[in-house]
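A.B. asks: Numbering (the numbering used here), first residue to last: 1041 to 1333.
Don't be surprised by glycine CBs; every beta carbon is placed ideally from N, CA and C.
Please read through the structure below; I'll follow up with questions.
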Ligand code: FPP
Ligand code: MG
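Now the structure itself:
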């Protein structure tokens, strides 16, 4: 099991995230909830807990912890606490981006549970994402790794650019390069960034940082392409995410791009999808006529 070497550290990271929630519990006592009948005292905290308790893979902290181990074996040093705090900050940014992404995608499940927007409404979900992203940035200062704050802000802006480009290209007949551009921004850049920043925090030289960045970036691309294939082929109870949600929202990803190349009528179907709201079963029937494998 590839997690066994780092499972203790992952537990510490999870506890840290829950600790942040508890520490700030008091701050949200006066937050006015969307629905009057909800007890406002614990409302925001319950929202936070709900979003964190899903079955997150913690893949980003996993990468950081393994790169940290690898670099330590090569003689690089860093205080353990700094690496763990970096992991927490990265996971908070990732969570924030997923919470906002589910609002944009109008997704109703995440990590096998009701998505935050579905359970608590868009207003609360936006605020939770905002809270987590600011908390993640603040932690970099508290952990004494403020030298990467500016990079961290650029990272968030890159994620935003990826999402904006994805939205701009909705229902459009795009090619593989356009797709690669936006998945580079919204996913691959993040993975490359955490590989590289682990190296920055451990004082690696420039050439080594470039290699780490490139390696992470390519893993990120593979990760997103796989995620996009699962949107067509996956099962909700396996992925914990809605299936066929991309195409129904007009997001054109790798499987559809390749299918369009062989079946030109699929590009005009995008115009149809834009004008009509169709049910997933109907969409599945249409797609079953083509070979998506
Ligand atoms: C998931 O894509 C989404 C992302 C990888 C990036 C989301 C970024 C933002 C919403 C920009 C704002 C960022 C912050 C930090 C507040 P997907 O929909 O393909 O993946 P999914 O299948 O997991 O939903
Ligand atoms: Mg999504």
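Assuming residue 1202 and residue 1232 make a contact with CB atoms under 8 Å, what is their CB distance in whole Å?
C.D. replies: About 13 Å separates the two Cβ atoms, so there is no contact after all.
A.B. asks: Am I right that residue 1329 and residue 1288 are in contact with their C-beta atoms under 8 Å? What's the rounded C-beta distance?
C.D. replies: Their Cβ separation, rounded to whole angstroms, is 17 Å, which puts residue 1329 and residue 1288 out of contact at 8 Å.
A.B. asks: Excluding the five sequence neighbours on either side, which residues of its own chain have a C-beta within less than 7 Å of the C-beta of residue 1226, listed in chain order?
C.D. replies: If we look at residue 1226 and ignore the five residues flanking it on each side, its Cβ neighbours are 1199, 1202, 1203 and 1206.
A.B. asks: Are the stretch 1206-1224 and the stretch 1241-1255 touching by the rule of at least three beta carbon pairs closer than 8 Å?
C.D. replies: Counting Cβ pairs under 8 Å, fewer than three are found: no touch.
A.B. asks: Which of helix, strand or coil does DSSP assign to residue 1154?
C.D. replies: Here residue 1154 sits in strand by DSSP.
A.B. asks: Going by beta carbon distance, what residues of the same chain come within less than 8 Å of residue 1264, once the five residues before and after it are set aside?
C.D. replies: Correct list, in chain order: 1223, 1226, 1227 and 1228.
A.B. asks: In terms of residue numbering, what span does the alpha helix (DSSP H) encompassing residue 1295 cover?
C.D. replies: Note, residue 1295: alpha helix (DSSP H), 1294-1302.
A.B. asks: What are the start and end residues of each continuous alpha helix (DSSP H) run of 4 or more residues lying completely inside the stretch 1157-1231, in chain order?
C.D. replies: Listed in chain order, the complete alpha helix (DSSP H) runs (minimum 4 residues) inside the stretch 1157-1231 are 1162-1182, 1189-1208 and 1216-1223.
A.B. asks: Near residue 1279, which residues of its chain fall below 6 Å by C-beta distance, leaving aside the five closest residues on each side in sequence?
C.D. replies: Around residue 1279: 1270.
A.B. asks: Would you identify the three-state DSSP class for residue 1149, choosing helix, strand or coil?
C.D. replies: Residue state, collapsed to three classes: strand.
A.B. asks: For the ligand MG, list every residue whose C-beta falls under 5 Å from any of its heavy atoms, going in chain order.
C.D. replies: Every residue passing the under-5 Å Cβ criterion appears here: 1141 and 1145.
A.B. asks: Rounded to the nearest angstrom, how far is the Cβ of residue 1105 from that of residue 1127, given a contact under 8 Å?
C.D. replies: About 7 Å separates the two Cβ atoms, so the contact holds.
A.B. asks: Can you tell me where the alpha helix (DSSP H) with residue 1307 in it begins and where it stops?
C.D. replies: From DSSP, the alpha helix (DSSP H) with residue 1307 extends over 1305-1315.
A.B. asks: Taking C-beta to C-beta, are residue 1237 and residue 1188 nearer than 8 Å?
C.D. replies: Going by C-beta atoms, residue 1237 is nearer than 8 Å to residue 1188.
A.B. asks: Going by the C-beta, is residue 1307 closer than 7 Å to any heavy atom of the ligand FPP?
C.D. replies: No - the ligand FPP has no heavy atom lying nearer than 7 Å to the Cβ of residue 1307.
A.B. asks: Would the beta-carbon of residue 1260 be found less than 7 Å away from any heavy atom of the ligand FPP?
C.D. replies: No, the ligand FPP has no heavy atom inside 7 Å of this Cβ.
A.B. asks: Please report how far the alpha carbon of residue 1331 lies from the alpha carbon of residue 1299, in whole angstroms.
C.D. replies: Roughly 7 Å between the two C-alpha positions.
A.B. asks: Which two residues bound the contiguous alpha helix (DSSP H) that contains residue 1101?
C.D. replies: 1099-1113 is the span of the alpha helix (DSSP H), which, as asked, contains residue 1101.
A.B. asks: Determine the contact status of residue 1090 and residue 1159, defining contact as a CB-CB distance below 8 Å.
C.D. replies: Cβ distance < 8 Å, so residue 1090 and residue 1159 count as in contact.
A.B. asks: For residue 1305, count neighbouring C-beta atoms within 10 Å of its own C-beta (all shown protein chains included) and say buried if the count is 16 or more, exposed if not.
C.D. replies: By the neighbour-count rule (16 or more Cβ atoms within 10 Å), residue 1305 is not buried but exposed.
A.B. asks: So, using beta-carbon positions, are residue 1096 and residue 1132 closer together than 8 Å?
C.D. replies: Cβ atoms of residue 1096 and residue 1132: not closer than 8 Å.
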